[in-house]
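**Student:**
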Amino acid sequence: MVEREAGHPITILVLEDDPDTLEEVSDTLEEVSETLSDEGFVVLCASSARQLRELVKRNSIDLFLMDLKLPDEDGLDLVRTMRTQSAVGIIIVSGKAGEIDRVVGLEVGADDYIAKPFSPRELVARVRTVLRRTKGSTYPDASHDSSAREVVEFSGWALDLAAHHLIAPSGEGVDLTTAEFELLRAFVESAHRILSRDYLLDRVHGQDWAGYDRGIDGLVSRLRRKLKQAPGAAPFIKTIRGAGYLFTADIVLR
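For the working numbering, add 61 to where a residue sits in the sequence shown, where the first one is 1.
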């Protein structure tokens, strides 16, 4: 059985279509669930955003397979919100196979995008790939003590999300402006994922700053200077030409 390091089974939550169209995809869902269970995963199912939220109150989820057509909420908005709360793996499973649909899904925070119909073997391969990339990240269980998740560590640095405080490996505090803190929070919440300038601007300044995407470059430069590294070390924040930025450090939550 595939398990987390702590010895708990990998839990996957499948958020499928609205009730009106569930019947036509039920055979596929059944096949997917059986295939995943054979591979050693625990599979939970929800048909609405409300049901998803009820399930995550009682379970820590390692990966979401999400349809975007929901009866009670916009699927893209749900993915975007979840990404701001966790680095958990998210795979969109949709009947829309167009390039624009795929690009938008990935830009709002999904790790992968699968168009229906698909083979169970392909799905399991993609699930395993995303789980390897997001190893150790779960969607927080509401019944757990949230204070245990307030400090993010990377390469000897510690970011206290509650106190808005950054501590260097030397133990010294590093002053951050509000914008610098929000930028760093966005990076650590989506480590090893390419984040566009528009997304980062929205996280830092909100929608009112839309269109000033180059303004984020100066903020990134200031944050890089404060995240001092040894000469020759790979930068924490890597520029991806034509796409945005990538935070390269491994993240530990405590």
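Ideal placement from N, C-alpha and C gives every residue a C-beta, glycine not left out.
In this text, all values refer to a predicted model and were calculated from it rather than measured experimentally.
1. Over what stretch of residues does the beta strand (DSSP E) that includes L139 continue unbroken?
2. For T72, count neighbouring C-beta atoms within 10 Å of its own C-beta (all shown protein chains included) and say buried if the count is 16 or more, exposed if not.
3. Can you give the Cα-Cα distance for L237 and L227, rounded to whole angstroms?
4. Spatial neighbours of K299 within its chain, please: CB distance less than 6 angstroms, with the 5 preceding and 5 following residues excluded, ordered by chain position.
5. Pick out the complete beta strand (DSSP E) segments inside the stretch 113-188, 3 residues or longer, and give them in chain order.
6. Going by beta carbon distance, what residues of the same chain come within less than 7 angstroms of S109, once the five residues before and after it are set aside?
7. Pairs of beta-carbons, one from the stretch 169-176 and one from the stretch 217-225, closer than 8 angstroms: are there three or more?
8. Using 10 angstroms around the beta-carbon of D123, count the other beta-carbons present and answer buried if the total reaches 16, otherwise exposed.
9. In terms of DSSP beta bridges, what is D221 paired with?
10. What do you reckon, are the CB atoms on T195 and A247 nearer than 8 angstroms?
11. Straight-line CA distance for G159 to G166?
12. Count the other CB atoms within 10 Å of the CB of E183; is the residue buried (16 or more) or exposed (fewer)?
13. Looking at the secondary structure, which residues open and close the beta strand (DSSP E) in which L245 lies?
14. What is the C-beta distance between R111 and I152, in whole angstroms, given that I count them as a contact (C-beta under 8 angstroms)?
15. Between which two residues does the beta strand (DSSP E) containing L307 stretch?
16. Is it buried or exposed, G303, if we count other Cβ atoms within 10 angstroms and call 16 or more buried?
17. Can you name, in chain order, every residue of its own chain whose Cβ lies under 7 angstroms from the Cβ of R283, other than the five neighbours on each side?
18. For V169 versus V140, is the C-beta spacing smaller than 8 angstroms?
19. Under the three-state reduction of DSSP, which class applies to I255: helix, strand or coil?
20. Run the CB neighbour count on G305, radius 10 Å, all protein chains shown included, and call it buried at 16 or more, exposed below.
21. Alpha carbon to alpha carbon, what distance is there between E214 and A229?
22. Any idea which residues DSSP pairs I298 with across the strands?
23. Contact defined as beta carbons within less than 8 angstroms: I believe E211 pairs with A223. What is the distance between those atoms, to the nearest angstrom?
24. Give me the Cβ distance between L105 and L74, rounded to the nearest whole Å; I'm assuming they're in contact under 8 angstroms.
**Tutor:** So, from the data block:
1. Careful: L139 lies outside any beta strand (DSSP E), inside the alpha helix (DSSP H) at G136 to Q146.
2. buried
3. 7 angstroms
4. L307 and T309
5. 124-127, 150-155 and 173-176
6. L131, P132 and D133
7. no
8. buried
9. V212 and H226
10. no
11. 11 angstroms
12. exposed
13. Premise fails: L245 lies in the alpha helix (DSSP H), T239 to E250, not in any beta strand (DSSP E).
14. Not quite, the Cβ-Cβ distance comes to about 21 angstroms (not below 8 angstroms), so this is no contact.
15. G305 to F308
16. exposed
17. E241
18. yes
19. strand
20. buried
21. 10 angstroms
22. F308
23. 4 angstroms
24. 5 angstroms
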